[in-house]
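S.K.:
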Amino acid sequence: MRTLILSLFLAIPAAADTTSVVTQHIRPGFAAFAAQAKALAEVENCDPAQLRPAFHATYDAWLAVAHMPLGPAEDEGRSLAILFWPDPKALGQKAQRTLLTGDPEALTPDNMAQQSVAARGLAGLERLLYPVEALPADPCPLIHATADDLARMAADLTRNGGLSVTFS
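For the sequence shown, the positions run 9 to 176 when my numbering is used.
(1) Tell me the residue span of the alpha helix (DSSP H) that contains C54.
(2) For a test of your reading of the model: does the CB of W93 fall under 7 Å from any non-hydrogen atom of the ligand ATP? Yes or no.
(3) Can you look up H33 in the DSSP assignment and give me helix, strand or coil?
(4) Identify the continuous alpha helix (DSSP H) that holds Q122 and give its terminal residues.
(5) Among the residues of its own chain, which have a CB less than 6 Å from the CB of P147, if the five just before and after it don't count?
(6) Any idea if V73 is buried or exposed, counting beta-carbon neighbours within 10 angstroms, 16 or more meaning buried?
(7) Please classify W70 as buried or exposed, where buried requires at least 16 other C-beta atoms within 10 Å of its C-beta.
(8) Straight-line CA distance for D95 to A126?
(9) State the DSSP-derived secondary structure class of Y67, mapped to helix, strand or coil.
(10) Nearest to T109 by CA position, among I34, A153, P144 and A62, is which residue?
(11) Comparing alpha-carbon positions, which option in T31, Q101 and L130 lies nearest A162?
(12) Can the beta-carbon of A49 be found closer than 8 Å to that of D164?
(13) Would you say L150 and L115 are within 8 Å of each other, going by their C-beta atoms?
(14) On the CB-based measure, 16 or more other CB atoms within 10 Å of its CB, does Q58 come out buried or exposed?
(15) Determine the DSSP secondary structure at F175, reduced to helix, strand or coil.
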């Protein structure tokens, strides 16, 4: 009987804190990620040295909320598209090589949304900004399309207030 009473007392604060977690952590975290992703997409230059600070800020902002894959982060596999990791079969690298050697005009945010999650998001940008081997073509169009796609997904996380939580 003591265990039942103790568990009830422990459950009450958990339910009461859910609203504050959403309003004080998740929503502001999604908003910070969206702001950083937008700033990254607005960088005109494709020089990795110029892009890396905005990339790191965006990555850090995502990591602040990545542990909460709820609601809009799970819709349409967004959390995977934002950060597909690990990629032990190098699917992202293979998909990016195909995109790099294809038509650069096809590298739009809308087309990126149709690509494999392994080729998109933060992991995709990381491969372009920190290549381990020479890239087969100019990465600039793919960098911009990936950053724009990331900014679009981040904005979707904050649309309509992100998560809605109601308790009675």
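Note that the Cβ used here is the ideal one computed from N, Cα and C, for glycine as well.
Keep in mind it's a predicted model, so treat the numbers as computed, not measured.
M.R.: In this structure, then:
(1) Run containing C54: none; DSSP gives neither H nor E here.
(2) Inclusion of the ligand ATP in the displayed structure is not the case, the ligand content being empty and no account of it being possible.
(3) In the structure shown, the three-state DSSP call for H33 is helix.
(4) Boundaries for Q122: no alpha helix (DSSP H) harbours it, and the DSSP string shows neither H nor E there.
(5) The answer, listed in chain order, is L136.
(6) Buried is the call here.
(7) Around the C-beta of W70, 16 or more other C-beta atoms lie within 10 Å, and the residue is accordingly described as buried.
(8) Going by the C-alpha atoms only, they are around 7 Å apart.
(9) If DSSP states are grouped into helix, strand and coil, Y67 belongs with the helices.
(10) When the alpha-carbon of T109 is set against those of I34, A153, P144 and A62, the nearest one is in P144.
(11) The option with the nearest alpha carbon to A162 is L130.
(12) No.
(13) Yes. Within cutoff.
(14) Taking all protein chains shown into account, Q58 has fewer than 16 neighbouring C-beta atoms within 10 Å of its C-beta and is therefore exposed.
(15) With a pLDDT of 42 at F175, under the threshold of 50, the modelled position of that residue is not reliable, and the figure given next carries that caveat. Note: F175 maps to coil in three-state DSSP.
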